[in-house]
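A.B. asks:
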Amino acid sequence: MPVYYYIFLAVALFSIGVIGVLIRRNAIIIFMCVELMLNAANLLLVAFSKMHHQAAINTNSTAASDAQVFVFFIMVVAAAEVSIGLAIIVMMYRNTHSVDVNFLNRLKN
Amino acid sequence: MNAILLTAIWGIIMMFGGVFFKSKQTPKYWAIAGLVIIIISNYLELTTGASFFEIETKYMLSFNSFNLTFITIALVSTLLYFLLSGSDIEKVGDNVSEYFALIFFVLCGVCLSATYNTLLILFLGIEIMSIPLYILTGSDKRNLKSNEAALKYFLMGAFSTGIMLMGIAFIYGGNSEASFFITNINIGEGKMPVLIAIGMVFMLIALSFKVSAAPFHFWTPDVYEGAPTVFTSFMATVVKIAGFIAFIRLFENSFGKVQAQWQLLVSVITAATLFIGNLTAVFQQSVKRMLAYSSIAQAGFMLLAVFALNITAMQGLILYSAAYSLATIGLFAILIRMYDYTIDGFNGLAKNQPVLAVTATTFLLSLTGIPLTAGFQGKFLMLIAAIRDGHHHWLVFWAIICAAVSAYYYFKIIQAMFFKQAGQEIQDHGSIAEGATITTGFKVLLILTAILIILLGIFPSLITDSLRF
């Protein structure tokens, strides 16, 4: 398949993530949308890695594999972020009994 | 290399030390001792170029006088922060040694994002810097404002991380060299390839989020106000200037050759940041919130360095980050001890606490950019850099007008301290919060900080001479 299919899919996932972050009000859903954005980046990296690999396969059999290593780093960092993020959401839930971000506008004024 | 490894190791030591430390004061002394060791080892590396550790990094990190000088400034600012506000960190909660451990991890991220040479390390550095900060922001667990600030900071930070990763992926895809090295991005002749241009805009947006440049600044005032004041002080100084170093290194090394294509975009962001930061700060009543907006305004000035990208700009950014950190850390250390955080709370401070009032005046003058202070030299070098660049002269005039506006709100505090009578409530209670003590050591440190600011204002070469290009 041409690489454009993957680019379109990744951009679509990324857009769903961005729109979700901007319009949803539930902290957990916003958080899931952020994860979707990260995974879109993962998909794009792997697709580009394959694309560059095929372009350079004659000269170097391991060309462009560094993007796939990058993906593992993103996964690890995303896991670390999940642990912190869920802890913060739980902490907030304990105090307000709600995960709605509209509830949180005390700082505005 | 010394600073990166030692901050991480010392963070782990502090983390496990929490089990053994009996007294609440012990972690502070350990943290200060560790930081002094790290500063000395980093300074040795800066002067001799030799590191304690021989590690093959595959050129993923680069150490030159610019990076190492910046790391020295960040570490010295943190040391000053520990000395001035260390006892206030103890008041935030029970897990004192964890707070110090997290600050050391943030410092590790700061060092990484100052020395990165590939986009991978940039990503890791920014994340290692941000994730402990989310925890510190929410460390006041019972306080709803702190919770809200932590959630907001976390969601915005994770969102900008997603944008940055997308940018990295696009840059990688458009780069025919198929490499993450920032010096190795093949931007071609003439116009940039489409994928790299998209990636660059994404990186610009993500880094603008991190340094709170307009129009991506909206989270800053809420987060800075909601976080415990001690940690706001750290967030607004060391972490923010680290974001700028990451910003300027990326744009200098990878996109410097096509500066003409993105310069207009950056100049618009700079102008908007200066305008919004300064204009909104004028209307603030709370000094803490005003300092948050003023940090946006100062970020606008630092963006001039990214706009100009020449040697003067690099020197200016280093000097500016030192001046800004010193003044803001000092100002926050005084603010933490105030009973009332509004501007009226500063009324009549000069009579009760003359030392605090005089040093606060020095810090405020430095932030405004009055000659003989370090802030003036920083602003001056920034403007010179923008003029030398030769494009978009309107930006220089705009920056000067905005600096003049900033004098209004900084001077309002000076006026309150020296020329206004304290209100009834403050007269009854005193300007200083209960439980906060103004020790002689604290006063001496404040005076030393003020002297350092004036010294840098007279001899800026103390810092800029260590840079070799």
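Residue numbers (our numbering), protein chains in the order written: chain Y, 238 to 346; chain W, 2 to 470.
Glycine included, every Cβ here is placed at the ideal spot set by N, Cα and C.
I'd like the span of the alpha helix (DSSP H) that includes Ile33 (chain W), first residue to last.
C.D. replies: Segment Thr27 to Thr49, the alpha helix (DSSP H) holding Ile33 (chain W).
A.B. asks: Identify whether Ser180 (chain W) lies in helix, strand or coil by the three-state DSSP scheme.
C.D. replies: Looking at Ser180 (chain W) - three-state DSSP - the assignment turns out to be coil, as it is neither helix nor strand.
A.B. asks: Tell whether a beta-carbon distance below 7 Å holds between Ala400 (chain W) and Gly317 (chain W).
C.D. replies: Cβ atoms of Ala400 (chain W) and Gly317 (chain W): not closer than 7 Å.
A.B. asks: Pick out the complete alpha helix (DSSP H) segments inside the region 282 to 315 of chain Y, 4 residues or longer, and give them in chain order.
C.D. replies: As far as the region 282 to 315 of chain Y is concerned, it has no whole alpha helix (DSSP H) run of at least 4 residues.
A.B. asks: Mind checking who Ser287 (chain W) pairs with in its DSSP beta bridge?
C.D. replies: Note: Ser287 (chain W) sits in a beta bridge opposite W:Thr343.
A.B. asks: Report the three-state DSSP secondary structure of Tyr60 (chain W) (helix, strand or coil).
C.D. replies: Of the three classes helix, strand and coil, the one that applies to Tyr60 (chain W) here is coil, per DSSP.
A.B. asks: Is the distance from the Cβ of Ala237 (chain W) to the Cβ of Ser296 (chain W) below 7 Å?
C.D. replies: Yes. Within cutoff.
A.B. asks: So which residues on chain Y does Lys241 (chain W) lean against when the C-beta distance must stay under 7 Å?
C.D. replies: Near Lys241 (chain W) there are no residues of chain Y at all, since even the closest Cβ is about 19 Å away, more than 7 Å.
A.B. asks: How many whole angstroms separate the CB atoms of Phe235 (chain W) and Tyr82 (chain W), which I take to be in contact at a CB cut-off of 8 Å?
C.D. replies: With 8 Å as the limit, Phe235 (chain W) and Tyr82 (chain W) qualify as a contact, their Cβ atoms being about 6 Å apart.
A.B. asks: Under 7 Å between beta-carbons, which chain Y residues line up against Lys142 (chain W)? List them in chain order, please.
C.D. replies: Going along chain Y in sequence order, the residues near Lys142 (chain W) (Cβ under 7 Å) are Met328.
A.B. asks: Could you name the residues of chain W that Phe285 (chain Y) contacts, counting a contact when the two beta carbons are closer than 7 Å?
C.D. replies: Within chain W, the residues near Phe285 (chain Y) are Ala170, Tyr173 and Gly174.
A.B. asks: Could you name the residues that DSSP lists as bridge partners for Asp141 (chain W)?
C.D. replies: Per DSSP, none; premise fails for Asp141 (chain W).
A.B. asks: If we count the other Cβ atoms within 10 Å of its Cβ and call it buried at 16 or more, is Glu178 (chain W) buried or exposed?
C.D. replies: It counts as exposed.
A.B. asks: Going by alpha carbons, who is nearest to Val231 (chain W) out of W:Thr70, W:Leu84, W:Thr8 and W:Phe155?
C.D. replies: Ranking the options by Cα distance to Val231 (chain W), first place goes to W:Leu84.
A.B. asks: Please return the same chain residues whose Cβ sits closer than 6 Å to the Cβ of Ala351 (chain W), not counting the five positions on each side in sequence.
C.D. replies: Hits under 6 Å: Ala358, Met418 and Phe419.
A.B. asks: Which term fits Ala289 (chain W), buried or exposed, when burial requires 16 or more other beta carbons within 10 angstroms of its beta carbon?
C.D. replies: Note that residue 289 (chain W) is Lys in the sequence shown here, rather than Ala. So Lys289 (chain W) counts as buried.
A.B. asks: Give the single residue among W:Val356, W:Phe252, W:Arg389 and W:Phe217 whose Cα lies nearest to the Cα of Thr313 (chain W).
C.D. replies: For the residues W:Val356, W:Phe252, W:Arg389 and W:Phe217, the minimum Cα distance to Thr313 (chain W) belongs to W:Arg389.
A.B. asks: Would Leu275 (chain W) and Cys112 (chain W) qualify as a contact pair, given that the criterion is a beta-carbon distance under 7 Å?
C.D. replies: Cβ distance not < 7 Å, so Leu275 (chain W) and Cys112 (chain W) don't count as in contact.
A.B. asks: Take Ile464 (chain W) as the anchor and find which of W:Ala324, W:Glu426 and W:Tyr340 has the nearest alpha-carbon.
C.D. replies: Closest option to Ile464 (chain W), Cα to Cα, is W:Ala324.
A.B. asks: Check the DSSP bridge columns for Asp337 (chain Y) and list the partner residues they point to.
C.D. replies: Looking at the DSSP assignment, Asp337 (chain Y) forms a beta bridge with Y:Asn263.
A.B. asks: Exposed or buried, what is Pro372 (chain W) when buried is set at 16 or more other beta-carbons lying within 10 Å of its beta-carbon?
C.D. replies: Classification of Pro372 (chain W): exposed, given that the 10 Å Cβ count is below 16.
A.B. asks: Could you confirm whether any beta carbon from chain Y is found closer than 7 Å to the beta carbon of Leu280 (chain W)?
C.D. replies: By this cut-off, Leu280 (chain W) is not an interface position.
A.B. asks: Pull out every residue of the region 292 to 305 of chain W whose Cβ sits closer than 7 Å to any Cβ of chain Y, in chain order.
C.D. replies: Under the 7 Å Cβ criterion, the region 292 to 305 of chain W contributes no residue.
A.B. asks: One question on the structure: do Gly87 (chain W) and Glu149 (chain W) come within less than 7 Å of each other, judged by their Cβ atoms?
C.D. replies: In this structure, Glu149 (chain W) does not lie closer than 7 Å to Gly87 (chain W) by Cβ.
A.B. asks: State the DSSP-derived secondary structure class of Thr374 (chain W), mapped to helix, strand or coil.
C.D. replies: If DSSP states are grouped into helix, strand and coil, Thr374 (chain W) belongs with coil.
A.B. asks: For Thr440 (chain W), which three-state DSSP category applies?
C.D. replies: Reduced to three states, the DSSP call for Thr440 (chain W) is coil.
A.B. asks: Quick check: the Cα distance between Phe308 (chain W) and Ala273 (chain W), rounded to an integer number of angstroms?
C.D. replies: Answer to the nearest angstrom: the Cα atoms are 13 Å apart.
A.B. asks: Output yes if chain W places a C-beta closer than 7 Å to the C-beta of Phe322 (chain Y); else output no.
C.D. replies: Rather than Phe, the amino acid found at residue 322 (chain Y) in this sequence is Gly. So yes, Gly322 (chain Y) belongs to the interface.
A.B. asks: Can you tell which of W:Ser432, W:Tyr117, W:Ala34 and W:Ala405 has its C-alpha closest to the C-alpha of Arg250 (chain W)?
C.D. replies: When only C-alpha atoms are compared, the closest one is W:Tyr117.
A.B. asks: On the criterion of 16 or more Cβ atoms from any shown chain inside 10 Å, does Tyr294 (chain W) qualify as buried, or is it exposed?
C.D. replies: Under this definition Tyr294 (chain W) is a buried residue.
A.B. asks: Taking Asp108 (chain W) and Thr79 (chain W) to be in contact with their CB atoms under 8 Å, please state how far apart those CB atoms are, rounded to whole angstroms.
C.D. replies: The question names Asp, yet the displayed sequence has Leu at residue 108 (chain W). Sure, about 6 Å apart at Cβ, within 8 Å.
A.B. asks: Who are the neighbours of Leu281 (chain Y) on chain W, taking C-beta pairs under 8 Å?
C.D. replies: Within chain W, the residues near Leu281 (chain Y) are Met167, Ala170, Phe171 and Gly174.
A.B. asks: Please confirm if Asn148 (chain W) has its CB atom under 7 Å from at least one CB of chain Y.
C.D. replies: Asn148 (chain W) counts as touching chain Y.
A.B. asks: Here's the rule I'm using: 16 or more other beta-carbon atoms within 10 Å means buried, otherwise exposed. How should Arg1 (chain W) be labelled?
C.D. replies: Outside the modelled stretch of chain W, which goes from 2 to 470, sits residue 1 (chain W), for which no answer is possible.
A.B. asks: List the DSSP bridge partners of Thr119 (chain W).
C.D. replies: Looking at the DSSP assignment, Thr119 (chain W) forms a beta bridge with W:Phe182.
A.B. asks: Just to check my reading of the structure: Ile454 (chain W) and Leu327 (chain W) have Cβ atoms closer than 8 Å, yes? What is that Cβ distance to the nearest angstrom?
C.D. replies: Yes, they are in contact, since the Cβ atoms of Ile454 (chain W) and Leu327 (chain W) sit about 5 Å apart, within 8 Å.
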